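Peer 1:
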Amino acid sequence: MHEVKRAAATLSRVTAARFKSPHQLFDWPSAPDPDRLAMSPRLISLSAHPIWATLTDEQRWRAGLLETGYFYSLNISGERELMMGLAARLHQGPLAAASEYLLHFLQEECAHSAVFTRFCRTYLGFVYPDRQMRLPRKFLPGEEEFLFFAQVMIFEHLAGWHNMANARDGEIWPLARSIHEYHAADEARHLAFGRTVVESMWRKHSPGWGERGREQVGHYLRRYLDSLQRLYVSPFVYRDLGLPDAMRLREEVLALPARKEIERAASARAVAFLQRLPGLVLA
Amino acid sequence: MRDEIISRLRFWLMRQNPAATDYEITPDTDIIETGILDSLQLVEFILLVELEAGKRILSEHIDGTWLRTLGGIYDHFFAVDAEAA
Numbered sequence: 000m001h002e003v004k005r006a007a008a009t010l011s012r013v014t015a016a017r018f019k020s021p022h023q024l025f026d027w028p029s030a031p032d033p034d035r036l037a038m039s040p041r042l043i044s045l046s047a048h049p050i051w052a053t054l055t056d057e058q059r060w061r062a063g064l065l066e067t068g069y070f071y072s073l074n075i076s077g078e079r080e081l082m083m084g085l086a087a088r089l090h091q092g093p094l095a096a097a098s099e100y101l102l103h104f105l106q107e108e109c110a111h112s113a114v115f116t117r118f119c120r121t122y123l124g125f126v127y128p129d130r131q132m133r134l135p136r137k138f139l140p141g142e143e144e145f146l147f148f149a150q151v152m153i154f155e156h157l158a159g160w161h162n163m164a165n166a167r168d169g170e171i172w173p174l175a176r177s178i179h180e181y182h183a184a185d186e187a188r189h190l191a192f193g194r195t196v197v198e199s200m201w202r203k204h205s206p207g208w209g210e211r212g213r214e215q216v217g218h219y220l221r222r223y224l225d226s227l228q229r230l231y232v233s234p235f236v237y238r239d240l241g242l243p244d245a246m247r248l249r250e251e252v253l254a255l256p257a258r259k260e261i262e263r264a265a266s267a268r269a270v271a272f273l274q275r276l277p278g279l280v281l282a
Numbered sequence: 000m001r002d003e004i005i006s007r008l009r010f011w012l013m014r015q016n017p018a019a020t021d022y023e024i025t026p027d028t029d030i031i032e033t034g035i036l037d038s039l040q041l042v043e044f045i046l047l048v049e050l051e052a053g054k055r056i057l058s059e060h061i062d063g064t065w066l067r068t069l070g071g072i073y074d075h076f077f078a079v080d081a082e083a084a
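Heads up: the protein sequence lines correspond to chains H and D, in order.
Take the first sequence: its position 45, counted from the start at 1, is 44 in numbering that gives the first Met the number 0, and no numbers get skipped.
Take the second sequence: its position 83, counted from the start at 1, is 82 in numbering that gives the first Met the number 0, and no numbers get skipped.
#1: Between the Cα of GLY159 (chain H) and the Cα atoms of H:GLU180, H:SER20, H:ALA97, H:PRO173, which residue gives the shortest distance?
#2: Is it true that the CB of GLY193 (chain H) sits closer than 8 Å to the CB of VAL151 (chain H)?
#3: Any Cβ of chain D within less than 8 Å of the Cβ of SER72 (chain H)?
#4: Can you tell me whether GLN215 (chain H) sits near the ligand ADP, meaning its C-beta is under 7 Å from at least one heavy atom of the ligand?
#5: Output, in chain order, the set of chain H residues within a Cβ distance shorter than 8 Å of ASP37 (chain D).
#6: Please list the partners that ILE45 (chain D) has in chain H, where partner means a Cβ-to-Cβ separation under 7 Å.
#7: According to DSSP, simplified to helix, strand and coil, what is MET38 (chain H)?
#8: Measure the CB-CB distance between SER11 (chain H) and TYR100 (chain H) and report whether it falls below 8 Å.
#9: For ARG183 (chain H), is the classification buried or exposed, using 16 other Cβ atoms within 10 angstroms of its Cβ as the cut-off for buried?
#10: Kindly list, in the order they appear in chain H, the residues whose Cβ is closer than 8 Å to that of ILE31 (chain D).
#11: Does the beta-carbon of MET83 (chain H) have 16 or more other beta-carbons within 10 angstroms, so that it is buried, or is it exposed?
#12: Just the Cα atoms here: how many angstroms apart are GLU23 (chain D) and ASP29 (chain D)?
#13: Output the boundary residues of the alpha helix (DSSP H) element that contains GLY53 (chain D).
#14: So the candidates are H:LEU89, H:VAL280, H:GLU2, H:ALA271; which of them puts its Cα closest to the Cα of GLN215 (chain H)?
#15: Given this structure, state the Cα-to-Cα distance separating MET132 (chain H) from PHE148 (chain H), to the nearest angstrom.
#16: Quick check on TYR223 (chain H) - is its C-beta less than 8 Å from some C-beta in chain D?
#17: Pick helix, strand or coil for LEU89 (chain H), following the three-state DSSP scheme.
#18: Which residue comes first and which comes last in the alpha helix (DSSP H) that contains LYS259 (chain H)?
#19: Select from H:PRO234, H:TYR69, H:VAL3 the residue whose C-alpha is nearest the C-alpha of TYR122 (chain H).
#20: Which term fits GLY77 (chain H), buried or exposed, when burial requires 16 or more other beta carbons within 10 angstroms of its beta carbon?
#21: List, in chain order, every chain D residue whose beta-carbon is nearer than 7 Å to that of LEU230 (chain H).
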């Protein structure tokens, strides 16, 4: 874990120098910009579906706002899990030596959640509920630690891709764009740390799992990635837009080639990284 | 009504998890204990039940027994509405 400690020390210095209170980062208008979409149009999940052509401009604008709120809500859920996991590892286990950076990491995740929550409560009036729950299961030695950080890394890669794709669109509502930029910048450091930890844990634990164990871990991560990609398309957003048969509509959206391409692009870096780990097959 | 909803939920479970066809998923089968439903499928399953029932599912519903069987899900999330209808 020497490389983890070294990465943590470097990232701690950078984070300490750059951290700003989330409450002073943005100007928060009382209402969303009525003339701009909150999300880049191609990322609005409905935009490639035939129903998009039937929506009014007002409905499209609302779709952008709700999907942005939903994306931030999804991040609030992921960050809650992450913060709980980081807090549990602060002073015990293999990462205790990196606790100074873990505290910075926690502070930044807490700040992100504050920003996302404020956006959702101010402009939607609510945060979309967290539906991720964990069921107890048995793990191979070291597997739970590895999966925790591997899943965090996958989550952050996906979120980071969506952040960057929105941040590059100069036409969207500037506040939403600024939040995406801010989140992407912090996540880049978290990803650097996460990749170091994941690689280190894989090297340490996977030889003891045997081929069958490594297969199971790879299969689990593939399923996690797929289930997370599905979560990016919410039937509750469709319901809140007043669209009928939200579950069926969601399945149709998920089957669209344009959606598959977004999923491929969003996960490409995470998949490439994981597939470089010796003996890990994402299948 | 009860049979129809349980049948729809059972169909979903079997489609998501081919291994579930090895089980007899009765209204009393513990779908968590038997591994028919795992953490990664749980989110999708909750979306389905919430949208069908129009009610929010909370983590304490899993800690309890309501979400562990299809019969429990029906009784807790659907039955009151069905009786009122």
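We put the beta carbon where it would ideally sit given N, CA and C, even for glycine.
These numbers come from a predicted model, not from an experiment.
Peer 2: Let me lay it out:
#1: On the first sequence, position 160 is the one that residue 159 (chain H) refers to. It is H:GLU180 whose Cα lies nearest to the Cα of GLY159 (chain H).
#2: The residue given as residue 151 (chain H) occupies position 152 in the first sequence. The residue given as residue 193 (chain H) occupies position 194 in the first sequence. Inclusion of VAL151 (chain H) and GLY193 (chain H) in the CB contact set at 8 Å is warranted, their separation being smaller than that value.
#3: For the purposes of this step, residue 72 (chain H) is identified with residue 73 of the first sequence, where counting begins at 1. Among the residues facing chain D, SER72 (chain H) is not included, as its CB has no counterpart in that chain under 8 Å away.
#4: With respect to small molecules bound, the structure shown includes none, and the ligand ADP cannot be examined in it.
#5: Counting from one through the second sequence, the residue named residue 37 (chain D) turns up at place 38. ASP37 (chain D) reaches chain H at LEU134, ARG136, counting residues in chain order whose Cβ is nearer than 8 Å.
#6: Taking the second sequence and counting its residues from 1, one reaches residue 45 (chain D) at position 46. Those within 7 Å of ILE45 (chain D) in chain H are ARG130.
#7: Along the first sequence, read from residue 1 onward, the residue named residue 38 (chain H) stands at position 39. Taken through DSSP and simplified to helix, strand or coil, MET38 (chain H) comes out as coil.
#8: Counting from 1 along the first sequence, the entry for residue 11 (chain H) is found at position 12. Counting from 1 along the first sequence, the entry for residue 100 (chain H) is found at position 101. Cβ atoms of SER11 (chain H) and TYR100 (chain H): closer than 8 Å.
#9: Stepping through the first sequence from its first residue, residue 183 (chain H) is reached at position 184. Per the sequence presented here, residue 183 (chain H) reads as Ala, with Arg not at that position. So ALA183 (chain H) counts as buried.
#10: To locate residue 31 (chain D), count along the second sequence from 1; it is residue 32. By Cβ distance, chain H contributes LEU134.
#11: For the purposes of this step, residue 83 (chain H) is taken as residue 84 along the first sequence, with counting starting at 1. Exposed is the call here.
#12: Here residue 23 (chain D) refers to the residue found at position 24 of the second sequence. Here residue 29 (chain D) refers to the residue found at position 30 of the second sequence. Near 11 Å, if we compare the C-alpha coordinates of ASP29 (chain D) and GLU23 (chain D).
#13: Position 54 of the second sequence, counted from the first residue, corresponds to residue 53 (chain D). It is not in any alpha helix (DSSP H) - GLY53 (chain D) carries neither H nor E in the DSSP assignment.
#14: As a first step, residue 215 (chain H) must be located in the first sequence, where it is residue number 216. Minimum Cα distance to GLN215 (chain H) is reached at H:VAL280.
#15: Translated into positions along the first sequence, residue 132 (chain H) becomes position 133. Translated into positions along the first sequence, residue 148 (chain H) becomes position 149. When rounded, the separation of the alpha-carbon atoms in MET132 (chain H) and PHE148 (chain H) is 17 Å.
#16: For the purposes of this step, residue 223 (chain H) is taken as residue 224 along the first sequence, with counting starting at 1. Interface residue, yes.
#17: As a first step, residue 89 (chain H) must be located in the first sequence, where it is residue number 90. Coil.
#18: Sequence index remark: in the first sequence, residue 259 (chain H) carries index 260 (1-based). Run containing LYS259 (chain H): 256-274, per the alpha helix (DSSP H) assignment.
#19: Taking the first residue of the first sequence as position 1, residue 122 (chain H) is located at position 123. For the residues H:PRO234, H:TYR69, H:VAL3, the minimum Cα distance to TYR122 (chain H) belongs to H:TYR69.
#20: Reading the first sequence from its first residue, position 78 is the one you call residue 77 (chain H). Counting Cβ neighbours within 10 Å, GLY77 (chain H) comes out buried, since at least 16 surround it.
#21: Counting from 1 along the first sequence, the entry for residue 230 (chain H) is found at position 231. Within chain D, the residues near LEU230 (chain H) are VAL42.
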